[in-house]
Amino acid sequence: MRTTLRRLTALIHITRPQIAAQAAAYTFLGAYLSAGAGAIFSPATAYAALIVAIIVAFGFVINDYADADLDRLTRPERPIPAGAVSRPQAAALALVLAALALGSTLVAPPALRPLALLNLALTAAYSLRLKRTVLIGNLTMALLNGSILLFGSLAAGRLTPLLWAVVAMSFLFTLAQEVLYTVDDLHGDASAGIVTTATCFGPGPSLHLFRSLMGLTLLCAAAPLWLAPLSPWYAVALLVCVVIPVCSYILPLTLRAEPAAISRACAALKRVRLASLVPLALLGTLR
Numbered sequence: 000m001r002t003t004l005r006r007l008t009a010l011i012h013i014t015r016p017q018i019a020a021q022a023a024a025y026t027f028l029g030a031y032l033s034a035g036a037g038a039i040f041s042p043a044t045a046y047a048a049l050i051v052a053i054i055v056a057f058g059f060v061i062n063d064y065a066d067a068d069l070d071r072l073t074r075p076e077r078p079i080p081a082g083a084v085s086r087p088q089a090a091a092l093a094l095v096l097a098a099l100a101l102g103s104t105l106v107a108p109p110a111l112r113p114l115a116l117l118n119l120a121l122t123a124a125y126s127l128r129l130k131r132t133v134l135i136g137n138l139t140m141a142l143l144n145g146s147i148l149l150f151g152s153l154a155a156g157r158l159t160p161l162l163w164a165v166v167a168m169s170f171l172f173t174l175a176q177e178v179l180y181t182v183d184d185l186h187g188d189a190s191a192g193i194v195t196t197a198t199c200f201g202p203g204p205s206l207h208l209f210r211s212l213m214g215l216t217l218l219c220a221a222a223p224l225w226l227a228p229l230s231p232w233y234a235v236a237l238l239v240c241v242v243i244p245v246c247s248y249i250l251p252l253t254l255r256a257e258p259a260a261i262s263r264a265c266a267a268l269k270r271v272r273l274a275s276l277v278p279l280a281l282l283g284t285l286r
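Sequential numbering from 0 applies to the sequence shown in numbering that gives the first Met the number 0.
Written as structure tokens, this is what we have:
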């Protein structure tokens with residue numbers, strides 16, 4: 000009984016449910032930014048969030064399956080190399096989640112179907128091939144993350160300039176984050192002969208690219224201030240939750256390619272992404 004429970008817990012863990020839930024929250028945010036608070040409670044929005052959560056969970060499982068050999072060297076604590084989940088079990092779970100995502104998509108509102116099918120295909124392609132490329136994998140992940148907001152907007156039946164500005168913001172932030180991840184994984188990827196942005200260009204140029212992308216992200220985050228009159232609380236929340244942590248802590252950590260500092264920067268970026276929900280939620284008055 001205990002063995003079964005541990006196995007079930009490991010299978011749940013490999014789907015990264017907390018990140019799938021965070022992605023679902025961004026779907027609701029997309030609906031809110033496009034059509035107001037009422038869209039949050041729409042069944043169509045909830046269904047879109049469910050599709051997003053399933054696709055994200057599928058992505059993590061197939062990624063762990065594809066990276067099993069590499070993780071034995073660089074991430075031995077992950078479920079497959081740690082022996083908590085076997086590779087065949089991960090493959091079976093990935094197939095189940097892919098089937099659920101596909102089935103949910105086929106009965107979804109027509110506006111959601113093309114985006115959901117595209118994201119499902121890109122998610123599989125990223126883990127199986129594209130992540131081991133120079134910039135293409137990074138761009139793919141940025142597109143996938145940015146499109147989550149579009150799910151909510153499409154469910155609400157309305158695309159707005161504000162929504163596109165936030166999508167661009169999410170795209171740039173994710174692209175910067177993915178580039179930094181390649182620097183953090185540089186040693187393991189290089190040892191395994193895997194080609195990534197950092198192994199191709201080196202840590203210095205990759206970190207310069209990261210800082211440039213973060214600068215563009217911050218400029219994009221200021222764009223809503225010029226779209227329409229806005230409460231000063233957005234600017235305050237943006238400053239506290241995003242600008243100050245990025246400029247005073249994260250960017251200085253990336254001035255030199257020190258592994259410990261890069262790892263801290265990666266961890267801090269994850270916290271900033273979560274904290275960014277606060278200023279983004281304040282943008283709902285800008286519809």
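Virtual Cβ for every residue (Gly too), placed ideally from N, Cα, C.
Which stretch, first to last residue, makes up the alpha helix (DSSP H) that contains residue i?
i, result
"R272", "258 to 274"
"I147", "135 to 155"
"L94", "86 to 105"
"R210", "202 to 221"
"I18", "16 to 34"
"A83", "Note, A83: premise wrong, no alpha helix (DSSP H); not H, not E."
"L237", "231 to 237"
So what does DSSP say about residue i, is it helix, strand or coil?
i, result
"G187", "helix"
"D63", "helix"
"I54", "helix"
"E177", "helix"
"R109", "For the sequence presented, residue 109 should be read as Pro rather than Arg. The answer is coil: DSSP assigns P109 none of H, G, I, E or B."
"L114", "helix"
"R286", "Residue confidence for R286 is low, a pLDDT of 48 falling below 50, so the modelled location carries little weight and cannot support an answer."
"S41", "coil"
"L7", "helix"
"M75", "One detail in the question is off: residue 75 reads as Pro in this sequence, not Met. Note: P75 maps to coil in three-state DSSP."
"R255", "coil"
"T198", "helix"
Beta-carbon within less than 6 Å of residue i's beta-carbon, same chain only, minus the 5 sequence neighbours each way: which residues are those?
i, result
"L208", "V178"
"A65", "S126, L127"
"N144", "S169, T173"
At the level of alpha carbons, what is the spacing between residue i and residue j?
i, j, result
"V245", "V194", "28 Å"
"L185", "L250", "19 Å"
"R263", "V271", "12 Å"
"T73", "A115", "32 Å"
"R286", "A155", "Low per-residue confidence applies at R286: pLDDT is 48, beneath 50, and the placement is therefore not dependable, though the value from the model is reported in the following sentence. The straight-line gap from Cα to Cα measures roughly 13 Å."
"A120", "P16", "20 Å"
"A43", "L282", "22 Å"
"A52", "I61", "14 Å"
"G187", "P109", "43 Å"
"P87", "L10", "12 Å"
Given residue i, which residues of its chain have a CB within under 7 Å of its CB, disregarding the five upstream and five downstream residues?
i, result
"S275", "C240, V241"
"Y180", "C265"
Apart from the five residues on each side of it in sequence, which residues of its chain come closer than 8 Å, Cβ to Cβ, to residue i?
i, result
"A107", "Y46, A47, I50, A115"
"L273", "Q21"
Is there at least one non-hydrogen atom of the ligand FMN closer than 6 Å to the beta-carbon of residue i?
i, result
"G203", "As for the ligand FMN, it is missing from this structure, which has no ligand bound."
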